[in-house]
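To start, the structure under review is shown below, and the notes come after it.
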Amino acid sequence: MKKFLFCFFSIIITYIMQVSVFTYFEIAGVRPNLLLMITCIIGFTMGSRYGLLTGFFAGLLVDLMAGSTVGFTALVYMYAGNVNGFFYKDYVKEEILLPMGLVAASTFIYEFMYYIFYFLLQNKLRLSYYLVRIILPEVIYTVVITLIVYVFIYFIIRKVEQSKKRRTITSA
Amino acid sequence: MSNKPRIQISQKFMLTMLTILCVVLIGVSFFTDKLTAPVQNALSYVIVPLQKGINGVGLWLTDRADYFSTIDELREENALLREELDELKEKNLVLVQDQIELNTLRQLYALDDKIPGYTKVAARVIGKGTGNWFSTFTIDKGSKDGILVDMNVICGNGLVGIVTDVTDNSATVRSIIDEKSNVTGMLITSSDTCNIRGDLELMDSGYIHLEYLRKDVDIKEGEMIVTSNISDKYLEGILIGYAKNISEDANSLTQSGYLVPAVDFEHMTEVLVILELKKNK
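So the sequences go chain by chain: A and B. Sequential numbering from 2 applies to the first sequence in our numbering. Sequential numbering from 480 applies to the second sequence in our numbering.
Shown next as structure tokens:
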């Protein structure tokens, strides 16, 4: 239950950050994809079930608020959360490369699919331009933000585990 | 955790069901938004106040930061502006005379009541769209303030875009620099029409496309382009921008080039929504 609440508030907070706060931190007109990032992080820190649900609801929120094709982002985010959840077992909290790599790969794949469905199919063929100008900057920016957020989340997880340990010791 | 027996939904089942749901939603959203509109509305009650609050804090903070960092800049600017002011005063004299002439001409054309006569409502920009691909933004006024889909949005005297989506408390505006945006414009001097198309590939230059202008039209650099009379969504006579680098197309029937929008899309905090639909006129 606590985990579900954590997911819920993460989604709301990151959405608000994405649409208002980060408009002030645009770099060359590009913002990081925070919602996909939080989906991935929840995926590999809590398992694919949470990742899947977080992805679905985060994507649905994006779709509904944007008012375009409802379901596309939800679908992609959901699979991103699910696939990231597969790394739940492999993941070591102290390892930073895996989270960064996963977030980078997920963002890249999502943006690439977005390009295909919304641009390529409308005969916008200059892939190199979109790749260099939008997709790669966004991936890099998102990875940088992941570093910061991950350290923050890492501390939360450690605090929770410590308090759990203490509880088991006192109960024993 | 608790020891109560719980209903376990297998993950594969969940994934399959949600996938089907998504696909159905995608299919439905191509045809109608009746299904999602109520959910959207409900969401707006939760999200919009939060967004407004955060946005307020952000504006305040940037205000503060600007206040301290720009004193030197302001001094320099002040000196420059003084020079400019003198120049402008001179020019203004000429313009005032032109204005008088314009007014008389407008009355002749009975254009006078067209442009300033619209009722408008001011709205604050409280958020951008989530992705980097499209130039849409959210404003803090919605259907409660009388805003409807397809209403025109302006800033200063230039066209910003059009309302594409409305909830009770907020509205989504698609700006004219957006990929999907197409506006019919016309030359203010000769009323020849052209198409103004937004393009993501031009985001760094700050221009948008100006297309399908007849070849024999004589157009000068910096000529004013306004919304045309034949558009069914954009009200007539709103300034869109200024023509730039117009050249003849390969088909030798039309000419095309770029348009510099009249609005600064980077620094837009407040916009005006014209509370009038073209089709109701």
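Every residue, glycine too, gets a C-beta built ideally from N, C-alpha and C.
By Cβ distance, which residues of its chain are closer than 8 angstroms to residue i, with the 5 residues on each side in sequence left out?
i             : result
residue 159/A : 94
residue 522/B : 646
residue 713/B : 631, 638, 641, 662, 663, 706, 707 and 757
residue 590/B : Below a pLDDT of 50, predicted positions are generally treated as unreliable, and residue 590/B, at 44, falls in that range; the measurement from the model is reported next regardless. Cβ within range, chain order: 716.
residue 88/A  : 44, 45, 99 and 103
residue 625/B : 600 and 754
residue 118/A : 73
Using a beta-carbon distance below 7 angstroms, is residue i in contact with chain A?
i             : result
residue 687/B : no
residue 758/B : no
residue 533/B : yes
residue 734/B : no
residue 723/B : no
residue 740/B : no
residue 576/B : no
residue 641/B : no
residue 487/B : no
residue 515/B : yes
residue 748/B : no
residue 590/B : Because residue 590/B carries a pLDDT of 44, less than 50, the predicted location of this residue cannot be relied on, and the following value inherits that uncertainty. By this cut-off, residue 590/B is not an interface position.
Is there a C-beta anywhere in chain B that falls below 7 angstroms from the one on residue i?
i             : result
residue 50/A  : yes
residue 147/A : no
residue 19/A  : yes
residue 24/A  : yes
residue 10/A  : no
residue 139/A : yes
residue 65/A  : yes
residue 104/A : no
residue 30/A  : yes
residue 135/A : yes
In the DSSP assignment, find the alpha helix (DSSP H) that holds residue i and state where it starts and stops.
i             : result
residue 508/B : 490-510
residue 64/A  : 49-67
residue 545/B : 516-548
residue 602/B : Where residue 602/B is concerned, there is no enclosing alpha helix (DSSP H), although the beta strand (DSSP E) it sits in stretches over 599-607.
residue 11/A  : 3-20
residue 70/A  : From DSSP, residue 70/A is part of no alpha helix (DSSP H); its letter is neither H nor E.
residue 691/B : It is not in any alpha helix (DSSP H) - residue 691/B instead sits in the beta strand (DSSP E) that spans 687-693.
residue 108/A : 98-119
Once you ignore the five residues that flank residue i on each side, which residues in its own chain have a CB closer than 6 angstroms to its CB?
i             : result
residue 632/B : 639, 640, 652, 750 and 752
residue 614/B : 654, 656 and 657
residue 74/A  : 60, 63 and 64
residue 592/B : Because residue 592/B sits at a pLDDT of 48, beneath the cut-off of 50, its placement in the model cannot be relied upon, and the point is left open.
residue 488/B : none
Inspect the beta-carbon positions of residue i and residue j and report whether they are closer than 7 angstroms.
i             : j             : result
residue 70/A  : residue 508/B : yes
residue 65/A  : residue 519/B : yes
residue 40/A  : residue 30/A  : no
residue 687/B : residue 718/B : no
residue 690/B : residue 722/B : no
residue 114/A : residue 147/A : no
residue 530/B : residue 21/A  : yes
residue 604/B : residue 748/B : yes
residue 724/B : residue 139/A : no
residue 24/A  : residue 659/B : no
If you follow the beta strand (DSSP E) that residue i is part of, which residue opens it and which one closes it?
i             : result
residue 718/B : 718-727
residue 637/B : 637-645
residue 675/B : 672-676
residue 735/B : 733-740
residue 650/B : 650-654
residue 751/B : 749-753
residue 679/B : No beta strand (DSSP E) contains residue 679/B, which DSSP labels as neither H nor E.
residue 128/A : No beta strand (DSSP E) contains residue 128/A, which is instead part of the alpha helix (DSSP H) from 128-131.
residue 706/B : 703-706
residue 632/B : 631-634
residue 666/B : 661-666
With a CB to CB cut of under 7 angstroms and the five nearest residues on each side skipped, what residues in its chain are close to residue i?
i             : result
residue 37/A  : 78, 81, 107, 108 and 111
residue 502/B : none
residue 709/B : 663 and 672
residue 514/B : 507
* Name the residues in the region 69-95 of chain A whose C-beta lies less than 7 angstroms from a C-beta of chain B; which are they? -> Contact residues of the region 69-95 of chain A toward chain B are 70, 71, 72, 73, 75, 76, 79 and 83 (C-beta to C-beta distance below 7 angstroms).
* What are the residues of the region 113-131 of chain A that lie near chain B, defined by any Cβ-Cβ distance shorter than 7 angstroms? -> So the list reads 115, 119, 127 and 130, given in the order they occur along the chain.
* Near-chain A residues of the region 517-532 of chain B (beta-carbon distance less than 7 angstroms), N- to C-terminal order -> Cβ contacts with chain A: 518, 519, 522, 526, 529 and 530.
* Just by C-beta distance, which residues in the region 501-512 of chain B are closer than 9 angstroms to chain A? -> Residues are counted here when their Cβ sits less than 9 angstroms from a Cβ of chain A; for the region 501-512 of chain B these are 501, 502, 503, 504, 505, 506, 507, 508, 509 and 512, given in chain order.
* Closer than 7 angstroms, Cβ to any Cβ of chain A: which residues of the region 537-570 of chain B, in chain order? -> Residues 537 and 541.
* Mind listing which residues of the region 666-687 of chain B have their C-beta closer than 8 angstroms to chain A's C-betas, in chain order? -> In summary, the residues of the region 666-687 of chain B whose CB is separated from some CB of chain A by less than 8 angstroms are 679, 680, 682 and 683, in the order they occur in the chain.
* For the region 701-712 of chain B, enumerate the residues whose C-beta is nearer than 7 angstroms to any C-beta of chain A, in chain order. => Of all residues in the region 701-712 of chain B, none has a Cβ within less than 7 angstroms of some Cβ in chain A.
* Chain-ordered residues of the region 606-618 of chain B with a beta carbon less than 9 angstroms from chain A -> Cβ contacts with chain A: 606, 607, 608, 609, 610, 611, 612, 613, 615, 616 and 617.
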